[in-house]
Every structure is written in structure tokens, then in C-alpha cells.
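Novice:
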Amino acid sequence: MPVTLLNTGLVLWRNDEAVLQCLYDQCPHRGAKLSLGAVCQGQLQCPYHGWRFDGEGVCHLVPSMVSFKPGPAQQARAVAVKEHMGLVWVCLDSESAKLTQLPAFTAEQNSRLRKLNAGPYEVTTSAPRIIENFLDIAHFSFVHSGWLGDPNTTHIADYQVEIQTSGFKVKNVRVEQPQASLAMTQNELVAYQYDVTHPYGAVLTKRQAVEGNETPAFEESIAVFIQPVTAESCRVWFRLAVSDLESEPQALIEFQDTIFSQDRPVLESQTPRLLPIHAGTEVHVATDKAAVAYRKYLLQCGVTFGVC
Ligand code: FES
Ligand SMILES: [Fe+2]
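This is the structure in C-alpha cells:
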């Protein structure tokens, strides 16, 4: 399977033990796309002259010279790969090819919550524009009117941004929602918290806002994970961990599809598509402080892909 991440072509396949393998999608011999080839006995065979590679990139066969033992010069470039939460994660950094820093999603370990994935959604904009939209509270009453926002309660009460050692949190957001989730079909006051620990990923935890020890009628965590394909196009996934154990999985996914279909036209209309992260390029008001924190975070991380 060919995939593109950060403008870089990769090829994924499974070996005979069904373990995922990943190489740069370029044969070291004449540069052909390995993803046009075939999987033979767990190895990837180039479509052009049939050289065969394992998941480490080691070449095991040059068919034009069957008795030749290929060496490091014939090696393809391997990429660290891991499956987690129903998604495939890779690390393009060949120096420290480790996958130890996946975005945190603590709800994944909460056995009371049901997990499922929504997406992928193909979107023509940068990954940072999508994350910023995910953190944006003031658009609910307009873009998601009658769903996540009530057109009569547009005012955003003060909330807090807390800077962490790695990333930041957005706390104590309160929003009036006509349909906070698939099962919640009447106006509810909902408490939001965001955790941003990755430039292209974020987690929202939302629950019915209740006093004291009362158990909320609903609670869910939604992680957004973005695959930047190019600087201005992405694939978006949501990992859901929900307290709703009754609804059909497909209905829960369709709810996310509906919400995201409301965001998409506005997201794709924004110019520039790259997120302007330097002060003074777009205008902020006080209720945008989550977005301001996100832009500062990107600057601090030294992110250059998807921003301007
Ligand atoms: S280009 Fe791949 S084997 Fe020749
Ligand atoms: Fe939205």
C-alpha cells in the first residue's frame, strides 16, 4: 500500500507473520516505486527488476544474478512502523528510528469507554489549520448550529490555558450544546478540556457538566490525529472513547462524519492554507487564547511544515 506522509512516499505491507513493514517507496536500484511491486514470501519485490527486500530494507535477491549475495549497497531505506489504536504510526527520522513518542490518549486505557475510529477524512488544508479548528470554541454556534452550538448562546465564558512541559491544556470550557453527542438530544451544559501534546494531534475530553459526585450522563474523549500528506492537504482520523455503549458503532461514526462535514467547507475556504504562526498576521480576540497558545507551541517546537 502506498502512503504519503510529509511529502514523502512510503510503502506498507505485511510479512508472512502479518507484521507491518515500511520502506521509503523508492527502489535503491533505479528509483522505481516499490509499492507497484508485489509481496513474495513476506518480502517486497520491486516491479522493475524484481529485487526483493525485507522490512529492514535488506535486499535478499537480485534476479538477474541469482548467485550474487546482495550487500549494504543494495539496501532500501527502512522506516520504523507500529500499529496502535487501529492506526499505523511511522517515524521518518532514521537516526533515532523509534516510536516512543506517540501522542498520549489516556482514555484508551479506560475500560468503561468504548473505542472506535472515524475517518479518514481527506481535507485540502494544512494540519495546523485543522488542529486549530478542533480547539476553536467560538465557531460551535455558527458552523455546528443546532448540534454542538446554540445560536442563542454565542458568548464564551472565560476558560484557562495551562502551559505544560510538553504542550498545553485548555481547561474549564463550558458550552451549551443542543446535541452534544449521538445520544444527547436535548440542550446540555457540557464541560470541555483539551490536551495538546503533539503538533498534529490533540485530545478533547467532554462530559455533561455536573456538580459534586453526580455521574455525568455522558462522557467521551476524542483524539484527532492528522496525517499531513503535503503542506496543504491532510488525512484526518478521530479516535473515539465513548461512554455510549448502546448506539450502533456505525451511527457513532456517522455522527462524527456529520460534524466534520460541517467543518470541512469552512476549513477548506481559509486562506492561506498554511497556518500563520507569527504574531500580527491574523487578528485574535480574548476568546481565541487556545489558538494563540497553539501557535506559540508550534513556534516553540520549531514546526515548519504546514505553517507560514
Ligand atoms: S528499479 Fe527496483 S529492481 Fe531495478
Ligand atoms: Fe467544528
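For the sequence shown, the tail end lands on 313 under the numbering used here, and the numbers increase by one without skipping. Glycine included, each C-beta is placed from N, C-alpha and C at the ideal position. No experiment lies behind these values; they were computed from the predicted model shown.
#1: Count the other C-beta atoms from every protein chain shown that fall within 10 angstroms of the C-beta of residue 131, then say buried if there are 16 or more, exposed otherwise.
#2: Around ligand 2, which residues pass a check of Cβ closer than 6 Å to any of its heavy atoms?
#3: Can you determine whether any heavy atom of ligand 1 sits closer than 7 Å to the C-beta of residue 29, and answer yes or no?
#4: Our contact map puts residue 243 next to residue 122 with C-beta atoms below 8 Å; I'd like the distance itself, whole angstroms only.
#5: Suppose the cutoff is 6 Å on Cβ atoms and the five residues either side in sequence are ignored; what does the same chain contact list for residue 154 look like?
#6: I need the DSSP call for residue 38, collapsed to helix, strand or coil.
#7: List the residues that DSSP assigns as beta-bridge partners of residue 159.
#8: Confirm, please, whether the CB-CB distance from residue 180 to residue 142 is below 8 Å.
#9: In chain order, what residues of the same chain have a beta carbon less than 6 Å from the beta carbon of residue 44, not counting five sequence neighbours either side?
#10: Taking its Cβ as the centre, do 16 or more other Cβ atoms sit within 10 Å of residue 12, making it buried, or is it exposed?
#11: Any heavy atom of ligand 1 closer than 7 Å to the Cβ of residue 35?
#12: Count the other CB atoms, across all protein chains shown, that sit within 10 Å of the CB of residue 168; report buried if there are 16 or more and exposed otherwise.
#13: Which term fits residue 256, buried or exposed, when burial requires 16 or more other beta carbons within 10 angstroms of its beta carbon?
#14: Taking the alpha helix (DSSP H) that residue 262 belongs to, which residues open and close that run?
#15: Grab the span of the beta strand (DSSP E) containing residue 5 for me, first residue to last.
#16: On the CB-based measure, 16 or more other CB atoms within 10 Å of its CB, does residue 200 come out buried or exposed?
#17: State the CB to CB distance for the pair residue 40 and residue 16, rounded to an integer number of angstroms; the pair is presumed to be in contact (CB under 8 Å).
#18: Assess contact between the segment 111-129 and the segment 60-76, defined as three or more Cβ pairs (one per stretch) separated by less than 8 Å. Is contact present?
#19: So, helix, strand or coil for residue 303, using DSSP?
#20: Out of 299, 284 and 34, state which residue places its alpha-carbon closest to the alpha-carbon of residue 172.
Specialist: Taking the structure as given:
#1: buried
#2: Those residues are 138, 144, 148, 149 and 268, given in chain order.
#3: no
#4: 7 Å
#5: 145 and 146
#6: coil
#7: Bridge partners of residue 159: none, in fact.
#8: Yes, they are a contact pair.
#9: 18
#10: Here residue 12 is exposed. Its C-beta has fewer than 16 other C-beta atoms within 10 Å.
#11: yes
#12: exposed
#13: exposed
#14: Looking at the DSSP string, the run of the alpha helix (DSSP H) that includes residue 262 is 254-274.
#15: Nothing can be reported for residue 5, as the shown portion of the chain is limited to 6 through 313.
#16: buried
#17: That pair is a contact at about 4 Å.
#18: no
#19: helix
#20: 299
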